[in-house]
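Residue numbers (my numbering): 5 to 439. Just so you know, even glycine gets a beta-carbon here, dropped at the ideal spot from N, CA and C.
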Amino acid sequence: MNIYQLPEFDSAKIKNRILKFIKSKFLLGIILLVIMSCGVGFAAGIISISYFQNQIDEFLRKIEINLPIIEKPAQDSQEYASSLSYEQAIINVVKEASPSVLSIIVSKDLPIYEQQWINPFGDLGPFGFEIPQYIQKGTEKKEIGGGTGFVVSEDGLVLTNKHVVLDKKAEYTVLTNDGQKYPAKVSALDPVQDLAIIKIESAQKFKAIKLGDSSEIQIGQSVIAIGNALGEFRNTVSVGVISGLERTIFASGTGGFSETLEDIIQTDAAINTGNSGGPLLNLKGEVIGVNTAMAQGAEAIGFAIPINKAKRDIEQVIKSNKISYPFLGVRYVLINEQVKEKNNLSVDYGVWVIKGSKGEPAVIKNSAAQKAGLKEKDIILEFNKEKITQNNSMAKIISKYNPEDKVVLKILRHSRPGKDEKEMDIDVILDERSE
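See the structure below:
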């Protein structure tokens with residue numbers, strides 16, 4: 005898409021041309037007067053020319069004073085991509101970001117088996133047949149997966165998805181855009197989000213990517229995804245728009261990994277196996293999301309974790325080399341109109357503290373909740389004066405706090421559903437939840 009601009013113009017040049025045109029027309033009139041004056045007399049002609057010349061000069065001075073000056077419009081410094089074509093903006097972003105985007109190779113020692121044929125009855129058995137048997141002959145290192153990450157600090161901290169580096173027995177290697185390979189170790193796994201940080205084992209300095217502000221994202225804005233597509237085609241680029249915000253998804257992957265992710269970005273930029281953990285960028289070249297999942301059985305539906313959620317992890321790893329969250333220690337169901345009606349509750353908001361689907365305790369033993377006196381069937385209405393609703397979940401609220409923070413829970417307690425209700429405040433000191 006080309007951006008057309010008006011040609012530049014010079015107001016002084018335009019004014020000089022106007023004056024020159026007017027003056028030439030008056031001079032033509034003077035010549036005619038001279039010819040006419042010859043019939044009256046030479047002296048009278050000279051007087052006429054002198055008189056009209058003075059009148060012309062006076063007239064032109066008046067025009068020059070009143071002629072408006074047209075100023076060249078100033079270019080708005082806030083416009084970033086308006087002076088560029090859409091295509092060129094994408095090219096610039098990819099060129100700037102690519103050195104910071106890494107392919108992550110997952111390797112593991114796998115057993116090598118050799119097939120042998122044996123007689124199950126031994127050499128002296130009565131039957132002359134053999135069956136196959138597989139015998140291990142050592143191990144061999146093989147690539148078992150891959151993903152994407154991007155550099156967030158010059159000393160080699162790399163942000164990626166947790167499910168990419170979840171295998172504790174695997175080895176990880178990062179591959180730069182120019183083909184350089186470096187070993188990497190897992191620094192920390194986020195216990196709540198599908199995020200992880202690994203560290204490149206090298207003294208070399210790396211180019212850190214620019215981080216944006218995901219709170220400023222707007223539906224419809226253009227975005228660029230870069231990643232190791234399908235675990236094979238490194239630094240593959242796809243382009244799309246923001247399709248939705250604040251989505252909640254249930255993500256699952258290999259190795260039994262599953263997680264519920266809230267406040268997720270939806271995009272139609274291609275997110276596929278291998279570019280998990282790669283950056284989702286705006287047209288300024290800033291990371292606004294971490295690519296994390298694609299919708300199975302659907303096209304052009306991908307998801308990314310807002311970068312503001314990841315900034316918390318980066319800061320914690322730089323400071324303490326771990327990622328931790330506050331932990332309350334209850335199992336619960338978010339209350340809505342359907343839950344209220346089905347269970348005869350008196351409110352349609354908050355969370356209802358109940359046992360897990362397999363009978364796990366509603367209040368976890370020795371947790372902050374148990375120490376504070378929370379009980380099964382309590383309804384938590386507010387968390388530190390914030391009302392708990394479908395749009396403002398308890399998980400979202402609690403993520404704003406740190407371990408050992410003191411908070412106040414407003415709860416509704418009753419001996420029977422809808423009967424003998426009592427509203428009260430409970431002080432809680434939050435525990436720490438780490439990987």
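Alpha-carbon spacing of residue i relative to residue j, whole angstroms
i              : j                 : result
proline 310    : glycine 216       : 10 Å
serine 102     : asparagine 181    : 6 Å
isoleucine 94  : glycine 224       : 16 Å
glycine 239    : valine 321        : Checking the sequence, you will find asparagine at residue 239 rather than glycine. Spanning the two alpha carbons is a distance of roughly 26 Å.
glutamine 445  : phenylalanine 237 : The displayed coordinates of the chain run from 5 to 439. Any statement about residue 445 would go beyond what the structure contains.
isoleucine 292 : proline 283       : 8 Å
glutamate 100  : glutamine 92      : 12 Å
aspartate 267  : leucine 349       : 27 Å
leucine 71     : serine 89         : Caution applies to leucine 71, whose pLDDT of 44 falls short of 50 and renders its modelled position unreliable; the value that the coordinates give is listed next. Leucine 71 and serine 89: Cα-Cα distance of roughly 37 Å.
lysine 203     : lysine 112        : 18 Å
valine 294     : isoleucine 368    : 32 Å
leucine 265    : aspartate 435     : 21 Å
lysine 146     : leucine 179       : 16 Å
lysine 166     : glutamate 390     : 30 Å
glutamine 394  : leucine 338       : 7 Å
lysine 172     : glycine 150       : 15 Å
glycine 363    : isoleucine 253    : 24 Å
isoleucine 67  : valine 245        : Note that isoleucine 67 has pLDDT 49, beneath the 50 cutoff, so the model's placement of it is unreliable and the number below is only indicative. If I take the Cα positions, the gap works out to 55 Å.
glycine 160    : aspartate 431     : 41 Å
valine 343     : alanine 207       : 56 Å
Given residue i as reference, the closest of the options once Cα atoms are compared
i              : options                        : result
valine 155     : Thr143, Glu118, Lys209, Val196 : Lys209
glutamine 270  : Asn276, Gly306, Ile292, Tyr353 : Gly306
serine 107     : Ala207, Val162, Pro407         : Val162
isoleucine 392 : Lys414, Glu380, Val178         : Lys414
aspartate 272  : Val243, Lys379, Ile202         : Val243
glutamate 408  : Asp382, Ile433, Ile339, Ala297 : Ile433
glycine 183    : Lys323, Ala174, Val169, Ile109 : Ile109
asparagine 396 : Glu250, Ile148, Glu175, Ile246 : Glu250
tyrosine 353   : Ala207, Gly281, Leu385         : Leu385
asparagine 279 : Asp431, Gly160, Val168         : Val168
isoleucine 221 : Ile368, Lys362, Ala308         : Ala308
isoleucine 213 : Asn286, Lys346, Val245         : Asn286
alanine 274    : Phe254, Ala297, Gln394         : Ala297
threonine 277  : Ser219, Gly363, Ile148         : Ile148
glycine 153    : Val245, Tyr117, Gly281, Ser226 : Gly281
leucine 378    : Tyr117, Val343, Glu427         : Glu427
Other residues of its chain near residue i: CB distance less than 7 Å, five sequence neighbours each side excluded
i                 : result
isoleucine 122    : Glu134, Ile135, Gln137
phenylalanine 387 : Met398, Ile401, Ile402, Val411, Leu413
glutamate 205     : Tyr186, Pro187, Ala188, Lys189
valine 241        : Val98, Ile228, Ile230
glutamate 341     : Asp352
lysine 313        : Gln197
asparagine 406    : Pro330
Proximal residues to residue i (C-beta, below 8 Å), its chain only, five neighbours per side dropped
i              : result
valine 196     : Tyr329, Ala399, Ser403, Arg437
aspartate 317  : Leu163, Ala192, Asp194, Gln197, Leu199, Ile201, Ile327
glycine 248    : Ile223, Ile269, Gln270
lysine 211     : Pro103, Ser104, Val155, Glu158
tyrosine 176   : Ile108, Ile109, Val110, Ser111, Val169, Pro187, Ala188, Lys189, Val190, Ile202
lysine 315     : Leu215
asparagine 325 : Ser191, Ala192
glutamate 319  : none
Sequence-distant residues of its chain with Cβ nearer than 6 Å to residue i (five each side left out)
i             : result
histidine 418 : Asp424, Glu425
aspartate 80  : Confidence is the limiting factor: at aspartate 80 the pLDDT is only 48, short of 50, which leaves the residue's position unreliable, though a coordinate-based value still follows. Answer for aspartate 80: no residue qualifies.
lysine 323    : none
aspartate 429 : Val412, Lys414
aspartate 382 : Val357, Ile415, Arg417
proline 115   : Gln140, Thr143
alanine 366   : Arg335, Val357, Ile358, Lys359, Glu380
alanine 174   : Val110, Lys112
- prompt: Do the region 321 to 341 and the region 369 to 377 touch if we need at least three Cβ pairs shorter than 8 Å?
  reply: Taking 8 Å as the limit for Cβ pairs, the verdict is that the region 369 to 377 does touch the region 321 to 341.
task: With a floor of 4 residues, list each alpha helix (DSSP H) that falls wholly inside the region 90 to 131, ordered by position along the chain.
output: Here the runs fully enclosed are 90 to 101.
3-residue-minimum beta strand (DSSP E) runs that sit fully inside the region 237 to 317, ordered along the chain: For secondary structure counted as the beta strand (DSSP E) over 3 or more consecutive residues, the region 237 to 317 holds these complete runs in sequence order: 237 to 256, 262 to 271, 283 to 285, 291 to 298, 306 to 310.
query: Is it a yes or a no for the region 347 to 366 touching the region 218 to 233, going by three-plus beta-carbon pairs under 8 Å?
result: No: fewer than three Cβ pairs fall under 8 Å.
In chain order, each beta strand (DSSP E) run of at least 3 residues that lies wholly inside the region 129 to 155: Whole beta strand (DSSP E) segments, 3+ residues: 135 to 155.
Complete runs of the beta strand (DSSP E) confined to the region 399 to 439 [at least 3 residues]: Fully enclosed beta strand (DSSP E) runs of 3 or longer: 410 to 417, 426 to 433, 435 to 438.
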